[in-house]
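Residue numbers (the numbering used here), protein chains in the order written: chain X, 4 to 532; chain V, 4 to 532.
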């Protein structure tokens, strides 16, 4: 059973090693125990539904509680502490596009809002019910999870858009294919959710972002169905796919999607290397991307993340040996760990590896084989579970991300990290922040920063700390001209900053699309724009 | 000096070999000599300008004649025969975005239409002045041709958008870079033109379409400047770049564009192979694309194009030898020529070549070395010149293109070719049509068909023949679910078919963008939508 107030399945606990807790005590001071409420208490907070009866809509308090929030830090703090501001009045689980249409018509008839709900994994506030007098119907598409068509020759698969990552991969892998889209939320997030938030998977270097994988599909909107045909490319005017991508439920509900699939690779391996400095590591990954060497992923941890990753792993003996060896090779305190993957035929993997490693060595990177890479693969979807464990110890963890051109990457990282580290100076609290680059483009990189702080004495204080840090970091991103989101989307958390990225005129263009497809403003209002 | 009524520089004539003329006589009958008018006559047809004076606007009849049409077959027939329906009232050559803004303000003040003009190479009718009482100002951006910024480390270059292909490549190659965008119109077409028509270059397999190369920029619109910042990727809502791409002058005039550039490759080679049948050729290129083998281009000519390419080349002795050799290897009448390119480091070229050739051989392709590939490179921008030569001989030539998913490629080709071949049966005229696939995607392919027919006894009859053929082929494309354009755009020629691709609701979305940025409908009306 999935946790009602945290990440993942209730049976899965990722324990923190002693060394990690010691490390955090040193950096942040002893943790503040959280004041979580019980499920019974949480259920008692759910107000009466304002919806008339409808056969597709469930008004049970447990479903409404489970769908009231996503996984943004604000959501997390609210559900844990019993301070959720709004609840959906009911949750529907349509089986197909006819039922989605029926729900949209019902919403119109009773003048209700609609919140589309995929896997509930949003970390930027996409899922809250609307404030005000009108009721909210949350439309959970998780039962729309079928493989509808597989075109093996043409490498295309059509799915109902509510299918979750593992089910989608299982259906494809059984036939010898993969989508290759592995965001950290993979276990729960859905194909439709990936599309409307412009998701990027961990191996986007090979497979592309969801923008490159989504070929066509159907979206139910308040004014009718929008069909987007499957074309490999088109020069016929603006691309409608691009209106659906990133639409965050504002234009409608994606019901079907056709995606590009790839034959399962002959082989896949993950390797690791350590660079003496961030500058050398960044130069190497930039070169690899610019030369188009076909790796399947690269992730460069900057010094603080490198140290904290190794510390969290908890194997001190191995670490001491590794450190010794790295020092002998000129890699010291400023070490940066690179994990990189090769995926494909034996021949292409060999060639890619040779080319990539030549560049790594040119920039004084020390190759350390496959161990840390294997460790990364093993844990690739486990980081979100650490939030549960850290919370129990009295620490809050959140992540944020941006992307920018190479010339701005170093100062943007520094600016974000400084904003976070100094963000709670007013109350003499430390913030521990570290960064990696994990989506590498020829002309820029994503920047992914994790930050930890002590939770407050009460939920309001915890919220205040998070909001202060989030604001400071977002302003640092905007000031440096980075995108307000490389992979998480906008939601409510990034909404105040969107105009900086899109400009006033750009916002008007987006708004005009919203008005055209949702003239009565029924769809996921307050999110995105 | 550029031809006023045809393709290319007046000094360049691409002669047809005798064998080609013989071939056409056999297929179509003897050519009908055209009834072209003189430049003096053409100038006398240009009506008086309706524009008040403006320092940026030239109302000279020669400039207005030169900017009255593009290179669509309808344009060609009209300018040759003196039947151009509309002329711009003046042509402006702004130097920068301030002057573009000034022109847009002037158009508003005097209630005029604007037609943006890049290289004048449109083959689908983007450039005609508007019918009716309002005057038209054509804004030729060719003087906006500067390199503004080169970020070598980050592989980004910013240009004024009126720069032409050769100037852009010269500026980049002098610094060791290339954009790698080589459409057939390369000699004259502009960066801004590529962007607003979603152009695809001949080596898009390596470098991507212009959609993948265009990072950010500025567009002057009737309601203000739209700025799109340079980001390597963003999940923050709909992507504004995608509103500009394919906008065909309806939303504004692109003044600056930042593009991804690549280091000049260590080496580049073009090879060739012949397959016994189209089925084997298509299976091989599909496999190569699906396995992601990093070639820089593939072009598979189907049997008719293979034969006509070899015949047009005119070296009959070499051909006889080639034919003998191919026959010995099981390649006969149904032979399909593949030209493929490898571009990159020595190491990657070697690896790509090995992988690609393994697949070619698996599908019974016969490798024939580099000769036909070199021939293709030599002639890669020369095909448009053949239109001049063929016209003199009394033959009309036009091309059309689409793209579709692999399962539909064979029947779409057959459907287009049949529509063309049978298109003039009512007057007992033959049409010669042949096809190649030149933009190969894992999930589909472009289809590029060339067709030749005899020009009519008078310009109206020539126009009637072309319109009949164009309509028949466009309907065949639409019936088969292909895009109405893979690389040429929409303009006026494809406009009647756009709704089939975009749906009614999609058209409303595009229209809402036009209304937002151009509320008075001043920008390139009648084109695209």
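For each residue, glycine too, the CB sits at the ideal point set by N, CA and C.
Because the structure is a prediction, the values reported are computed rather than measured.
{"Check": "Name the chain X residues whose beta carbon is nearer than 7 Å to that of residue 233(V)?", "Outcome": "408"}
{"Check": "Taking only beta carbons into account, state which residues of the stretch 498-509 of chain X come closer than 7 Å to chain V, listed in chain order.", "Outcome": "501, 504, 505, 506, 508, 509"}
{"Check": "Spell out whether any CB of chain V is found under 8 Å from the CB atom of residue 302(X).", "Outcome": "no"}
{"Check": "Name the DSSP beta bridge partners of residue 161(V), please?", "Outcome": "152(V), 261(V)"}
{"Check": "For residue 167(X), name the three-state secondary structure that DSSP assigns.", "Outcome": "strand"}
{"Check": "Using Cβ-Cβ distances below 9 Å, what residues of the stretch 472-491 of chain X are close to chain V?", "Outcome": "484, 485, 486, 487, 488, 489, 490, 491"}
{"Check": "Do residue 131(X) and residue 495(X) have their CB atoms nearer than 8 Å?", "Outcome": "yes"}
{"Check": "Within the continuous beta strand (DSSP E) that includes residue 440(X), where are the two ends?", "Outcome": "435-440"}
{"Check": "From what residue to what residue does the beta strand (DSSP E) around residue 89(V) run?", "Outcome": "Segment: none, residue 89(V) is in no beta strand (DSSP E) and carries neither H nor E."}
{"Check": "Quick check: the Cα distance between residue 65(X) and residue 202(X), rounded to an integer number of angstroms?", "Outcome": "29 Å"}
{"Check": "What is the DSSP secondary structure of residue 114(X), reduced to helix, strand or coil?", "Outcome": "coil"}
{"Check": "State the start and end residues of the unbroken alpha helix (DSSP H) segment that holds residue 510(V).", "Outcome": "501-520"}
{"Check": "Are the CB atoms of residue 412(V) and residue 453(V) within a distance shorter than 8 Å?", "Outcome": "no"}
{"Check": "Is there a Cβ of chain V sitting closer than 8 Å to that of residue 348(X), yes or no?", "Outcome": "yes"}
{"Check": "Indicate the three-state DSSP secondary structure (helix, strand or coil) for residue 133(V) in the structure shown.", "Outcome": "coil"}
{"Check": "Where does residue 180(X) fall in DSSP's three states?", "Outcome": "strand"}
{"Check": "Using a threshold of 8 Å, state whether the C-beta atoms of residue 96(X) and residue 146(X) are closer than that.", "Outcome": "yes"}
{"Check": "Note down, in chain order, all residues in the stretch 143-159 of chain V with a beta-carbon under 9 Å from any beta-carbon belonging to chain A.", "Outcome": "The chain labelled as chain A is not found among the protein chains of the depicted structure, namely X and V."}
{"Check": "To the nearest angstrom, how far is the alpha carbon of residue 407(V) from that of residue 107(V)?", "Outcome": "38 Å"}
{"Check": "Take residue 103(X) and list the residues in its own chain whose beta-carbon comes closer than 6 Å to its own, dropping the five residues that flank it on each side.", "Outcome": "97, 223, 256, 258"}
{"Check": "Could you pull the DSSP bridge partners for residue 454(V) from this structure?", "Outcome": "401(V), 436(V)"}
{"Check": "Among 341(V), 386(V), 311(V), 234(V), whose alpha-carbon lies nearest the alpha-carbon of residue 374(V)?", "Outcome": "341(V)"}
{"Check": "Where does residue 134(V) land, buried or exposed, given buried means 16+ other C-beta within 10 angstroms?", "Outcome": "exposed"}
{"Check": "Output yes if chain V places a C-beta closer than 8 Å to the C-beta of residue 201(X); else output no.", "Outcome": "yes"}
{"Check": "Quick check on residue 444(X): does DSSP put it in helix, strand or coil?", "Outcome": "strand"}
{"Check": "Closest by CA to residue 292(V), which one among 92(V), 447(V), 316(V)?", "Outcome": "447(V)"}
{"Check": "Can you check which of these residues, 333(X), 415(X), 372(X), 247(X), is closest to residue 197(X) by C-alpha distance?", "Outcome": "247(X)"}
{"Check": "For residue 128(V), which residues in the same chain have their Cβ closer than 6 Å to its Cβ, ignoring the five residues on either side in sequence?", "Outcome": "75, 494, 495, 496"}
{"Check": "Flag this pair as yes or no: are the beta carbons of residue 190(X) and residue 169(X) separated by less than 8 Å?", "Outcome": "yes"}
{"Check": "Give every residue of the same chain whose Cβ lies closer than 6 Å to the Cβ of residue 268(X), excluding the five residues on either side of it in the sequence, and list them in chain order.", "Outcome": "346, 347"}
{"Check": "Measuring alpha carbon to alpha carbon, tell me which residue in 310(X), 235(X), 480(X), 99(X) is nearest residue 22(X).", "Outcome": "310(X)"}
{"Check": "Using 8 Å as the Cβ pair cut-off and three pairs as the minimum, do the stretch 329-343 of chain V and the stretch 224-243 of chain V touch?", "Outcome": "no"}
{"Check": "Using 8 Å as the threshold, is the stretch 513-523 of chain X in touch with the stretch 263-278 of chain V, meaning 3 or more CB pairs across them?", "Outcome": "no"}
{"Check": "Residues in the same chain with beta-carbon distance under 8 Å from residue 18(X), minus the five sequence neighbours each way, listed in chain order, please.", "Outcome": "392"}
{"Check": "Given a threshold of 16 other Cβ atoms within 10 Å of its Cβ, counted over all protein chains shown, does residue 336(X) qualify as buried or as exposed?", "Outcome": "exposed"}
{"Check": "Which bits of chain V does residue 519(X) rub up against, with CB to CB less than 7 Å?", "Outcome": "511, 512, 515"}
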